[in-house]
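The next block holds one structure in the form of structure tokens; read it before the comments.
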Amino acid sequence: MNIRLKDIAAKCGVSINTVSHILNRNRGDLYDPKLVAKVKRIAGSMDYKPSRAAQSLVLKRSRIVGFIVMSEPADGQVQHYNEYPFLLGMSHELYHHNYHTMLVEVNELGYETELPPILRDRIFDGLVVHAGFSKRLQAQLEKIDVPIIFWDCGIFGKHDSIDRGEYETAALVIRELMALGHTRITFHAGSDTAWNRYTTKGDAHFSYSARYEAYRDTISKSGTPHVISGYDAAMIAGELIKNGSTAVVTLGESILPRIILAAGMNGWTIPRDFSIATFDHSERISAGAALMVGGAPYDRYAAGIHAGTMILSKITSDGSPIPSVVIPGAFDTGETIAAPRS
Numbered sequence: 207m208n209i210r211l212k213d214i215a216a217k218c219g220v221s222i223n224t225v226s227h228i229l230n231r232n233r234g235d236l237y238d239p240k241l242v243a244k245v246k247r248i249a250g251s252m253d254y255k256p257s258r259a260a261q262s263l264v265l266k267r268s269r270i271v272g273f274i275v276m277s278e279p280a281d282g283q284v285q286h287y288n289e290y291p292f293l294l295g296m297s298h299e300l301y302h303h304n305y306h307t308m309l310v311e312v313n314e315l316g317y318e319t320e321l322p323p324i325l326r327d328r329i330f331d332g333l334v335v336h337a338g339f340s341k342r343l344q345a346q347l348e349k350i351d352v353p354i355i356f357w358d359c360g361i362f363g364k365h366d367s368i369d370r371g372e373y374e375t376a377a378l379v380i381r382e383l384m385a386l387g388h389t390r391i392t393f394h395a396g397s398d399t400a401w402n403r404y405t406t407k408g409d410a411h412f413s414y415s416a417r418y419e420a421y422r423d424t425i426s427k428s429g430t431p432h433v434i435s436g437y438d439a440a441m442i443a444g445e446l447i448k449n450g451s452t453a454v455v456t457l458g459e460s461i462l463p464r465i466i467l468a469a470g471m472n473g474w475t476i477p478r479d480f481s482i483a484t485f486d487h488s489e490r491i492s493a494g495a496a497l498m499v500g501g502a503p504y505d506r507y508a509a510g511i512h513a514g515t516m517i518l519s520k521i522t523s524d525g526s527p528i529p530s531v532v533i534p535g536a537f538d539t540g541e542t543i544a545a546p547r548s
């Protein structure tokens, strides 16, 4: 049976408009709290389900927040799996406030002059944008007049962004390794292509630049930087031997199996003979039998909760600026870091 507002109003002894204000328009503040409780109780007992479409027309809000990521894989492969914990955190926070999240994958190369239709059509009450949006498309976003929060976009303004202190976090990892006695620390720079692009053109994601530069600046105080790139385990093993490395730091976790294989080729046991640290260890992912890698954890789920709180504040304040959030770095040794053998 389809329960209508007039059915609830009749049972409560109030007008349809009063019931609509309380149940559908978030205007319960206009009425006595006892009346609000009564209307909600009776609506619940009648199993009333409000029409989101009707609410949207009345409130002029969809109650949907778009999460924009810069990936559109034609082959179906997951390009950035670490977006998922963030999406969950944001979705859980929004759900508590009767909002929902929609994932929007955008390959911006296909939109040279304008935003894709799903963004131009103004479906969303607000947007949370992940790293990768070019300045050109950021300018396009501003034209649609929707509250926006930027996450890990390298936008370090006082308002409307969430970023991890990448330079400070990477420097912390190096200092902690040095405090344990490591002075021959190798930096793994990812693929040859990424390293060459950074060194020749300065073209890299802000976190890549920040992590390398923090490593270079910190290690240079008492040692010599040693950088390797590429994924061949035999090459990595040889370079670590040549440098006399006692530890390696990585940009993220994807290279770790290759590093572990290279250490095995050299006859090293981790962490007794050799330490591995990463600047970006995913938090809240069930470890199971996985090796707990040391370095700097990044709790993206918590960052997603921050994003949900911030975008809700912007929506309810009609787009007023929200103070930016910088997620502080931390360090743990995990199961892969120890003092070097004397």
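First residue of the sequence shown? That's 207 in the numbering used here, and the numbers climb one at a time after it.
From the three backbone atoms N, C-alpha and C, an ideal C-beta is built for every residue, glycine too.
Please read these numbers as outputs of a predicted model, since none were measured by experiment.
I'd like the list of long-range same chain contacts for residue i, defined as Cβ closer than 7 Å, with 5 residues on each side in sequence excluded.
i	result
residue 315	Because residue 315 sits at a pLDDT of 49, beneath the cut-off of 50, its placement in the model cannot be relied upon, and the following sentence gives the value as read from the coordinates. Answer for residue 315: no residue qualifies.
residue 303	518
residue 439	464, 467, 468 and 471
residue 442	434, 464, 465 and 468
residue 379	455, 483, 485, 501, 502 and 537
residue 525	353
First and last residue of the beta strand (DSSP E) that includes residue i?
i	result
residue 335	332-335
residue 222	Run containing residue 222: none in the beta strand (DSSP E); it sits in the alpha helix (DSSP H), 222-229.
residue 355	354-357
What does DSSP give as the partner residue(s) for residue i in the beta ladder?
i	result
residue 153	This structure cannot speak to residue 153, because the chain is shown only from 207 to 548.
residue 394	434 and 456
residue 414	For residue 414, which the question treats as bridged, DSSP gives no partner whatsoever.
residue 309	273
residue 369	532
If I follow the unbroken alpha helix (DSSP H) through residue i, where does it start and stop?
i	result
residue 502	Looking at the DSSP string, residue 502 is not in any alpha helix (DSSP H); the run it does join, the beta strand (DSSP E), is 500-504.
residue 292	289-301
residue 469	462-471
residue 304	Residue 304 -> no alpha helix (DSSP H), and no H or E assigned at all.
residue 247	239-251
residue 387	Unbroken run through residue 387: none, as it is neither H nor E.
residue 213	211-218
residue 543	Taken as a continuous stretch (DSSP letters only), residue 543 belongs to no alpha helix (DSSP H), as it is neither H nor E.
With distances taken Cα to Cα, identify the nearest neighbour of residue i among the options.
i	options	result
residue 463	437, 347, 348 and 350	437
residue 541	530, 535, 529 and 478	478
residue 433	394, 456 and 440	394
residue 374	350, 539, 208 and 534	534
residue 249	235, 268 and 228	228
residue 450	431, 211, 458 and 456	431
residue 172	514, 419, 321 and 405	The structure shown does not extend to residue 172, since the chain spans only 207 to 548, so no value can be given for it.
residue 356	350, 496, 276 and 337	337
residue 516	299, 294, 407 and 209	299
Return yes when at least one heavy atom of the ligand SAM lies under 7 Å from the C-beta of residue i, else no.
i	result
residue 405	Ligands in the displayed structure: none, and consequently the ligand SAM is not present.
Looking only at its own chain, which residues have a Cβ that is under 8 Å from the Cβ of residue i, when we skip the five neighbours before and after it?
i	result
residue 474	480
residue 529	364 and 365
residue 214	225, 229, 245, 248, 249, 252 and 254
Near residue i, which residues of its chain fall below 6 Å by C-beta distance, leaving aside the five closest residues on each side in sequence?
i	result
residue 512	368 and 531
* Between the segment 330-339 and the segment 498-505, do at least 3 Cβ pairs fall closer than 8 Å? -> Taking 8 Å as the limit for Cβ pairs, the verdict is that the segment 498-505 does not touch the segment 330-339.
* Cβ contact check for the segment 239-255 and the segment 216-225: 3 or more pairs under 8 Å -> Under the three-pair Cβ rule at 8 Å, the segment 239-255 counts as touching the segment 216-225.
* Asked: So does the segment 415-432 actually touch the segment 377-388, counting three or more Cβ pairs closer than 8 Å?
  -> Touching, yes, given that three or more Cβ pairs across the two stretches are closer than 8 Å.
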